[in-house]
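Novice: Pasting a structure here, questions to come.
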Amino acid sequence: MRKYAFIFAPILFGLLGGCAGQSDFTVETVAEYNSLFSREDGWTGGDVAFSLPLGENRILWLFGDTWIGKVRGGKHVDSEFINNTIAIQEGKEPSKIKIDFYYSVKNGKHSSFMVPDDGKGFFWPDHGGVRIERGLYLVMNRIARNSVGGDALDFKEIGLTMARIPNPEDHPSKWRIIQRDIPWTGSLPGGNKIAFGYPLLQAGGMVYIYGMEMEKTGDRHLLLARAPEDSLDDFKSWRFYSAGKWQDDFTKASRLADRLGAELSVSYQPVLSEYVAVYTERGLSKNIMLRFAPAPEGPWSRPYIVYECPEADWDKDYFCYAAKGHSELSRTDDELLISYVCNAHDFWKMAADARIYRPKFIRVRFRKSFGASAL
Numbered sequence: 000m001r002k003y004a005f006i007f008a009p010i011l012f013g014l015l016g017g018c019a020g021q022s023d024f025t026v027e028t029v030a031e032y033n034s035l036f037s038r039e040d041g042w043t044g045g046d047v048a049f050s051l052p053l054g055e056n057r058i059l060w061l062f063g064d065t066w067i068g069k070v071r072g073g074k075h076v077d078s079e080f081i082n083n084t085i086a087i088q089e090g091k092e093p094s095k096i097k098i099d100f101y102y103s104v105k106n107g108k109h110s111s112f113m114v115p116d117d118g119k120g121f122f123w124p125d126h127g128g129v130r131i132e133r134g135l136y137l138v139m140n141r142i143a144r145n146s147v148g149g150d151a152l153d154f155k156e157i158g159l160t161m162a163r164i165p166n167p168e169d170h171p172s173k174w175r176i177i178q179r180d181i182p183w184t185g186s187l188p189g190g191n192k193i194a195f196g197y198p199l200l201q202a203g204g205m206v207y208i209y210g211m212e213m214e215k216t217g218d219r220h221l222l223l224a225r226a227p228e229d230s231l232d233d234f235k236s237w238r239f240y241s242a243g244k245w246q247d248d249f250t251k252a253s254r255l256a257d258r259l260g261a262e263l264s265v266s267y268q269p270v271l272s273e274y275v276a277v278y279t280e281r282g283l284s285k286n287i288m289l290r291f292a293p294a295p296e297g298p299w300s301r302p303y304i305v306y307e308c309p310e311a312d313w314d315k316d317y318f319c320y321a322a323k324g325h326s327e328l329s330r331t332d333d334e335l336l337i338s339y340v341c342n343a344h345d346f347w348k349m350a351a352d353a354r355i356y357r358p359k360f361i362r363v364r365f366r367k368s369f370g371a372s373a374l
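For reference, each letter of the sequence shown is one residue, going 0 to 374 in numbering that gives the first Met the number 0.
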């Protein structure tokens, strides 16, 4: 494993608006998890890579567009490209991990694990979920593709759907998936779009549901809602954080942070006694970012660059995205496992390079109390 010890120069954090001490954390690549998803038969690549604990030492992985087939000579061959898959990991010790991938097969062809009940668009499970007493809840991004085989970014988001699975302890082929569209989406005066249903965070008998306000420029601002655990899928129970209070108008939610990615994670970091948000800077960047807060609603620190993804420099057509943390896979209280994905704008270039379009992993180890309290 290659290790990095970061020393933050004043010029860097002058640009970011923060400052930090020397060697506040170290970063290392994680060969064992990179190898886990470097596969040449069956499931051979996918993005999103959200994970959450199912209990009994089982971890659920969620993937967006996925390659199913073969990798030969470093290229995808005899393969199909489907919209989503899942995997169940058993165990956390790298040498003993067992992982199985799940998707559907119809008329002899592979197809997505989850599809919209009404047949409109398809699902990307890029907002994660939460396992609580009433079952497993997943938030699905409903997508429509503008073209096939063209630019990787030629798609549009057409809604968010919450899927409740009351029997996640069963084999995935027997899951009962109950779908309900999340109503808290729309446009604000001035044209900015707003949506709730981004990562879910369980804390203190509540489920916190992050949201985004999206500007026409592409900038994204973090918002927040919450609901009692026992009524998460009763959307009328959701309350939205506005100017220090919880109220029922989602259009009045306060901005908590900016320059976020379309995908992110929020988890509690025990050694810091703080929450950590992980994301790719502005969604598409070589920079993986961290922010820290003492509570789910903040106040959130300024951003820190924790890692620069080297794959972004392999080819001018490549880009990196989908950074997120995996706190349930951390070995100690002072570390956080983080994944990201790199892709190519040209679909066929991505198909010809199986080194990309599969999750890559780093491990961040915090050396002292470093976070919002350090600012």
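Even for Gly, the Cβ is constructed at its ideal location relative to N, Cα and C.
1) Would you mind stating whether D345 and D312 have Cβ atoms separated by less than 8 Å?
2) Going by C-alpha to C-alpha distance, which of D233, E39, D248 and A252 sits closest to A242?
3) For Y102, does the three-state DSSP call read helix, strand or coil?
4) Would you mind sorting P298 into buried or exposed? The rule is 16 or more other CB atoms within 10 Å of its CB.
5) Compute the minimum distance between the beta carbon of R130 and the heavy atoms of the ligand MN, and state whether it is under 7 Å.
6) Classify G260: buried if its beta carbon has 16 or more other beta carbons within 10 angstroms, exposed otherwise.
7) Give the secondary structure of K348 by DSSP, where H, G and I count as helix, E and B as strand, and everything else as coil.
8) Can you tell me which residues form a DSSP beta bridge with R71?
9) By how many angstroms is the C-alpha of S78 removed from the C-alpha of F100?
10) Leaving out five residues before and five after V270 in sequence, what residues of the same chain have Cβ atoms less than 7 Å from its Cβ?
11) Could you spell out the range, first to last residue, of the alpha helix (DSSP H) harbouring N33?
12) Ordered along the chain, which non-local residues of its own chain (more than five positions away) have a Cβ less than 8 Å from that of D64?
13) Is the CB-CB distance between L289 and V275 below 8 Å?
14) Are the CB atoms of S110 and S103 nearer to each other than 8 Å?
15) Which residues bound the beta strand (DSSP E) around W123?
16) Can you look up L59 in the DSSP assignment and give me helix, strand or coil?
17) Let me check understanding here. Comparing Cα to Cα, which of R258, K108 and R179 lies closest to D117?
18) If we ignore side chains and look at the alpha-carbon of each, how far apart do I337 and R163 end up?
19) Please state if the CB of N342 and the CB of F360 are separated by a distance shorter than 8 Å.
Specialist: Answer, in terms of the structure:
1) Their beta carbons are not under 8 Å apart, which means D345 does not touch D312 by this criterion.
2) A252
3) coil
4) By the neighbour-count criterion, in which a residue is buried when 16 or more other Cβ atoms sit within 10 angstroms of its Cβ, P298 is exposed.
5) The model on display carries no ligand, and the ligand MN is accordingly not part of it.
6) buried
7) helix
8) K74
9) 16 Å
10) Excluding sequence neighbours, V270 sits near D332, D333 and F365.
11) A30 to L35
12) Around D64: G45, D46, F80, I81, N82, N83 and W123.
13) yes
14) yes
15) F121 to W123
16) strand
17) R179
18) For I337 and R163, the distance between alpha carbons rounds to 26 Å.
19) 8 Å or more divides the Cβ of F360 from the Cβ of N342.
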